[in-house]
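Presented below is the structure to which this report refers.
Number of protein chains: 2
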Amino acid sequence: MNNFNFHNPVSIIFGKNTIAQLSDILPQNEKIMLLYGGGSIKRNGVYDQVTKALKGFDYVEFSGIEPNPSYETMMEAYEIAKQENVTFLLPVGGGSVIDGTKFLAAALCLPEGVESWGILQGTVPVEKAMPLGCVLTLPATGTEMNGNSVVSRKSTCEKLSFGSLLVMPKFSILDPEVCFSLPDKQIANGIVDAFIHVMEQYLTFPNNTPLQDLWAESILRVLIDTAPKVMSDHTNYDAMANFMWSATMALNGIISRGAIEDWSTHIIGHELTALHGIDHGRTLAIVLPGNMNIRRAVKGKKIMQYGERIWGITQGSDNEKIDKTIEKTVEFFESLGVPTRLSAYNLGKETCLEVAQRLANRGVVNFGEAGDITQEVVVKILEDRI
Amino acid sequence: MNNFNFHNPVSIIFGKNTIAQLSDILPQNEKIMLLYGGGSIKRNGVYDQVTKALKGFDYVEFSGIEPNPSYETMMEAYEIAKQENVTFLLPVGGGSVIDGTKFLAAALCLPEGVESWGILQGTVPVEKAMPLGCVLTLPATGTEMNGNSVVSRKSTCEKLSFGSLLVMPKFSILDPEVCFSLPDKQIANGIVDAFIHVMEQYLTFPNNTPLQDLWAESILRVLIDTAPKVMSDHTNYDAMANFMWSATMALNGIISRGAIEDWSTHIIGHELTALHGIDHGRTLAIVLPGNMNIRRAVKGKKIMQYGERIWGITQGSDNEKIDKTIEKTVEFFESLGVPTRLSAYNLGKETCLEVAQRLANRGVVNFGEAGDITQEVVVKILEDRI
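Residue numbers (the numbering used here), protein chains in the order written: chain A, 96 to 481; chain B, 96 to 481.
Laid out in structure tokens, this is it:
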């Protein structure tokens, strides 16, 4: 086991009718900015619950944060927040709204004149951030309990991420009932996203971390077991609650402490979103099977552990077991209506080369847990999924 | 799943040679009190590591905190802390040193004239506490990552507990190497303590919390697998690290969120310590099997889940499966040299009656997850373990 730090001070409020607690936990005497997306929270009643709880607080609204939140949109929020002297941010939505707000929280505290895109390029350190608290409406990214944020820049077709303890939410409210009205596609994407968050932290070189392994496998097991229940009935409270809690636990840092992480599936997947607008979770469903197949020399031992413990695969040669394990993983994603091939989006060889080139241009080479992913390996991983 | 809150802001620093980090993380310009026990930290080198890191800080020492930390001893620390204008507490030790310090942290912030024993009696609310940070030297109680504290009062033979978010450590340093010199008995007690912490949160009425169940079972599995390794070689780093991390995860709140808790084994066990000085973990090893046996009507379903998933028990009638599961649990504790019967301490029927009477005198009746433990049931549970 490697040395590690673990510090996750996010306060989670989980369960039915918990949004009303906002009125007790929001800080007094702050100028609050309520941020949300395209208006689904107005249709499903969440907006009404939030604004009811906000009675008596001083707040402004900012709406229109799009999926894959854009730097451009968040800079509009930035201008309004500055004008209105906002001091506390309240994102209400899924990963995009919360991620965009985390970036805003950091941008609002930069010294005068510093270009905020640098936060995402890694050239500007985050030394301060405006406090934020969330209401989560879509289980998927885990952003409600971590310090990560992914933001896209439309003008340059870039999708970059940053992480800082300082942008961890002060609180996150998770009411599974607000997810009852989600479309099938978003639930399916969320399941795949959470599943692959676990895989990036688990399907790596064994490091004598048996509890972390078992906890990771536990999340996979609950997602697999819960997926058909929640897909067939969005109003199954316990199924939604178990999915929602699993997605949060998948990326709050706890399962990876002392273990080895990868994140190459995300790095490659982000390019597919930036270039072709494919939903985040769906890009991961394409890349992961290729990543497992092409990098079996690095990941083989853990793929076989995963295959045996999760899918019961014990027969055959090592390569046969790995093949079967990839097959079962692909079947699971496809069972949710999530395609696992580039051809489903009419993409082919050209995209594989372009993604690899874009990463190389940004200096993203020799990545993955063993530093083994060269530009050529990126092409192979993607070509495996045409 | 029930509604729940989860908020655990303790910063964990885990791994080899991490005590030196104290010099970076201790707050500047505070008057620190270094608290420890009977001096084992002087023999195993931890004291030297800590005082080296404390160079340049203003601190006083308080030593002599005994196992089952006493109110009387902590009040001596209280006097010194007041005299010396202490503002930050640094307990270095196991559960006793840290628990005693948590009580001290709360006591030091009470309004003038308020009797601090009331904190443990539940009559004095904790509204403020002095900040503390820990160096853990014995994996067992989980106190390094929660707000719980158990303190005994010698003069009245009472052992009581309190809990408050305010006494959660700001940081806890866990270096598995400092545990290499622990005696067998303390390691065995620690394994049993951590195991039964899980059981109190897991072996309860099913509440549709599959992830919490699997995470609890994961800890049990790692403890069972790690126990012989760590017992046969205290210097096996990975085994000690896995035990240490499992013990922390066993009682930081994460496995019980949304689930149903019990804690009756602890409530009864504390009386055995208060009356007869039996080590905490050892009292639990006596009470748990009796609790499982006598309360099979309440716990049966979960006992069978535990028996099947942890011990592979699938054959026989329900009662036979429960019997076998209890037997395996007892065998595990005994394999560590931890007795599971009162007779091992030359105690019998009289003690059973006395414990039940003491609890009843304090108004502790109708407890356990179903409120089913009457004075009579306490007697039955203990008589089962003569």
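Glycine included, every Cβ here is placed at the ideal spot set by N, Cα and C. Keep in mind that this is a model prediction, so the values were computed, not measured.
Neighbourhood of A/C204 by C-beta, 7 Å cutoff - its chain only, sequence neighbours within 5 removed: K223, A224 and M225
Below 7 Å between beta carbons is the criterion; list the residues of the region 245-278 of chain A that meet it against any residue of chain B, in chain order. none
Using the beta-carbon of each residue, which ones in chain B are nearer than 7 Å to A/F99? F109 and G110
Should the region 341-356 of chain B be regarded as contacting the region 296-309 of chain B, the criterion being three or more beta carbon pairs within less than 8 Å? yes
Taking 8 Å as the threshold (beta carbon to beta carbon), is A/S341 in contact with chain B? yes
When the cut-off is 8 Å and only beta carbons count, does A/A336 lie next to chain B? yes
Beta carbon of B/F290, beta carbon of B/L315: below 8 Å? yes
By the 10 Å Cβ neighbour count, where 16 or more other Cβ atoms means buried, how is A/D194 classified, buried or exposed? buried
Measuring straight from C-alpha to C-alpha, what distance separates A/A176 and A/M169? 10 Å
According to the neighbour-count rule (16 or more other Cβ atoms, all chains shown, within 10 Å of its Cβ), is A/A115 buried or exposed? exposed
Would A/H102 count as contacting chain B if we go by Cβ distances under 8 Å? yes
Taking the Cβ atom as the reference point for each residue, do B/D270 and B/K111 lie within a distance shorter than 8 Å? yes
Beta-carbon separation (whole angstroms), B/L454 vs B/V472, contact threshold 8 Å: Incorrect: roughly 11 Å between the Cβ atoms, too far for contact.
Does any residue of chain B have a CB that is nearer than 8 Å to the CB of A/G353? yes
Residues near A/I476 by beta carbon distance below 7 Å, same chain, minus five either side: I363, V382, G385, N386 and I389
Taking the C-alpha atoms as reference points, what is the distance between A/D418 and A/E403? 12 Å
Per DSSP, what are the beta-bridge partners of B/K265 in this structure? Paired residues: none, contrary to the question.
Is the beta carbon of A/S247 less than 8 Å from the beta carbon of A/E253? yes
Using the beta-carbon of each residue, which ones in chain B are nearer than 9 Å to A/D320? P305
Residue ranges of each alpha helix (DSSP H) within the region 148-196 of chain B, 4 or longer: 166-178
Who are the Cβ neighbours of B/N284 in its own chain at under 8 Å, not counting the five residues just before and after it? A235, D374, H375, G376, R377 and V433
I'd like to know if B/D333 contacts chain A, where contact means its C-beta is closer than 8 Å to some C-beta of that chain. yes
For chain B, find out if any of its Cβ atoms is closer than 8 Å to the Cβ of A/S106; answer yes or no. yes
In the DSSP assignment, find the unbroken alpha helix (DSSP H) run with A/L255 in it and report its ends. Careful: A/L255 lies outside any alpha helix (DSSP H), inside the beta strand (DSSP E) at E253 to G258.
Nearest by alpha-carbon distance to A/M128: which of A/D467, A/R457 and A/G228 is it? A/G228
Which first and last residues belong to the beta strand (DSSP E) in which A/N103 is found? F99 to F109
I want to see whether chain A comes within less than 8 Å of B/T232, judged by CB atoms only; does it? no
On a CA-only basis, which of A/E210, A/I286 and A/E161 is nearest A/C274? Give me that one, please. A/I286
Would B/S191 and B/E161 qualify as a contact pair, given that the criterion is a beta-carbon distance under 8 Å? yes
Using a threshold of 7 Å, is the CB atom of A/T299 nearer than that to any non-hydrogen atom of the ligand FAD? Among the components of this structure there are no ligands whatsoever, and the ligand FAD is therefore not found.
Applying the 10 Å Cβ sphere with the 16-neighbour rule, what's the burial state of B/T409? exposed
Which same chain residues, not among the five before or five after B/E478, have their C-beta less than 6 Å away from its C-beta? C447
Is there a C-beta anywhere in chain A that falls below 8 Å from the one on B/W212? no
Contact under 8 Å by Cβ, B/L370 with B/E429: no
Interface partners of A/W310 on chain B, CB under 7 Å: W310 and S313
Since A/V393 contacts A/D467 with CB under 8 Å, what's their CB separation in whole angstroms? 6 Å
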